[in-house]
Amino acid sequence: MTRPRKSHIKIPAIILTGSLLLLSGVGVGVLIAPEQTPAAFTTNDTAETFPVSYREFTDEQSVKVKPTVTKEVKLRTKANGQITDTDCDAGTPIKSGTSIFTINDTPLLSIHTKTPLWRDLTRGVKGKDVLALQKELKRLGYTISPDGEYGYVTRAAIKDLQKKIGVEKPSGDLNISAVMWLPNQQDMVKSCDAGLGAEVPADGLVTVSGGLSSLRVVEAASATAEDAALDVSGGTGDVENVSLDAEAAQRQLTFQDFTAAIKDNGVVKDREFLKAIQKSDEYIGWQRSNGEDDITLKTELVEPLQTGAVPPGTLYNVSGKTACILADGQPQSVTIVSSSLGNSLVAFAENKTPKNVEIAPADNAPACS
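In my numbering, the protein residues as written are 44 to 412.
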């Protein structure tokens, strides 16, 4: 049997040799060709013009404050009888709308009002004390329109509050014997003056620390403007950590969503701001430490400055906090405000907002006015 002859494809040697040389050349090219840097990462070492980016500068700083408090207060009640339960504990706060004493098995309501409560309040009673109570109930979250009359809505709110503190049969009427008035929305217990099983003393159940009446800025928690310095190297004006003088602009303390202007003597007396501070963990910690712990807050400019961010190397003829800069081809005087992310923050004169700045010539740099 004859087997079929295998066919052979002959590739000319010259073609094979050329292909090998071509492949070899590609391989060598891959090995020796320099890697190209992506355009996004290339730099232009000869660039002398830089765009100016603008931002608001608040000059936020940390400062230490010293509280001034009023004298301690003894909290009394017109209730008579025996203390059958107590949660009183020195160093803990009493909050308005809660109860820390139970007298004759009835919880005693701790409540703050701007006008101290002095009589029984029932439906139809009118007066400033009722109006003050309604405002506090509203602050505590009740839907109420303060009008100075102890009506149905006020009575319903008190009834709910009585139920929350554990009164078995809440009536909605507020007898003065069922109340311990608080001078503040939250007061810190300094000492518990009557314990479990004792008769209610006439001179007070508990002593609380005085209320916060003011704060005074006493010390910067970080480097101040006076401590900062200019580092001028090679005539370029490399600026770091420079702020405006304290006298240059009005400053304010900030805490959460509250702000308060700082007076010339460094004192803050804004009532709403002080109320927020008095309820804060920082203030409570200060009270528990008997004033040994620091209270640190933030301070900032009341009116933020419009500043431009420029490379430090574009500043020349630096003197203190003033310098010259070539902006849009013209020499201009600027005030050095601070530094951020390697840039100098400067304020241009007369609210000018140039688009670009450039490095001044090393020799014969133009003067600025």
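Don't be surprised by glycine CBs; every beta carbon is placed ideally from N, CA and C.
- Around the beta-carbon of T113, fewer than 16 other beta-carbon atoms lie within 10 Å, marking it exposed.
- Taken through DSSP and simplified to helix, strand or coil, T92 comes out as strand.
- Contact annotation: the stretch 157-169 touches the stretch 193-207, with at least three C-beta pairs closer than 8 Å.
- When secondary structure is reduced to three states using DSSP, G328 falls in the helix class.
- Within the model, the alpha-carbon separation for F93 versus V353 is close to 8 Å.
- For the pair K322 and T357, the Cα-to-Cα distance works out to about 49 Å.
- Setting aside the 5 residues that flank it on each side, L317 is surrounded in the same chain by L255, each with a C-beta closer than 6 Å to its C-beta; the list follows chain order.
- Rounded to whole angstroms, the Cβ separation of T365 and S376 is 6 Å, and the two are in contact under 8 Å.
- Distance from the Cα of G372 is smallest, within the candidate group E179, A403 and L248, for A403.
- Residue pairing by DSSP places F301 opposite F298 in a beta bridge.
- One thing to note: V116 has its Cβ within 8 Å of the Cβ of G253.
- Separation of D128 and A263 (C-alpha to C-alpha, rounded to the nearest whole angstrom) is 46 Å.
- DSSP, read as helix, strand or coil, puts A237 in coil.
- With 16 or more other Cβ atoms inside 10 Å of its own Cβ, Q177 counts as buried.
- Ranked by how close their Cα comes to the Cα of G363, the residues T378, Y97, G385 and P355 have T378 in first place.
- According to DSSP, V222 shares a beta bridge with L152.
- Sorting T135, E99, L258 and L248 by C-alpha distance to the C-alpha of P110 places L258 at the top.
- Look at P355 here: in three-state DSSP terms it is helix.
- By the Cβ criterion, the stretch 132-145 is not in contact with the stretch 211-218, since fewer than three pairs of Cβ atoms, one from each stretch, lie closer than 8 Å.
- Pairing N394 with E343, the inter-Cα distance amounts to about 21 Å.
- Contact between the stretch 330-347 and the stretch 383-392 is not established, with fewer than three Cβ pairs separated by less than 8 Å.
- D130 sits exposed, since fewer than 16 C-beta atoms from the chains shown fall within 10 Å of its C-beta.
- Collapsing the DSSP output to three states places Y97 in a strand.
- If you draw a straight line from the Cα of K398 to the Cα of A405, it is about 22 Å long.
- Taking all protein chains in view, the Cβ of S332 is surrounded by fewer than 16 other Cβ atoms within 10 Å, so the residue is classified as exposed.
- Taking a contact as a CB-CB distance under 8 Å, the pair K121 and I219 counts as one, their CB atoms being some 5 Å apart.
- In this structure, Q330 sits near M231, with a CB-CB distance shorter than 8 Å.
- Shown here, R162 sits in coil according to DSSP, grouped into three states, outside any helix or strand.
- Of the candidates G247, N227 and Q228, G247 places its Cα closest to the Cα of D236.
- A Cβ-Cβ separation of about 7 Å places P374 in contact with A410 under the 8 Å criterion.
- Short of 7 Å from the beta carbon of G309, and not among the five residues preceding or following it, lie these beta carbons of its own chain, in chain order: R259 and V260.
- According to the DSSP assignment, E179 belongs to the alpha helix (DSSP H) that extends over K171 to R182.
- Residues of the same chain with a CB within less than 8 Å of the CB of I305, apart from the 5 flanking positions on each side, are V260, Q293, R294, Q295, L296, V311 and T342 in chain order.
- In the structure shown, D203 falls within a helical segment according to DSSP collapsed to helix, strand and coil.
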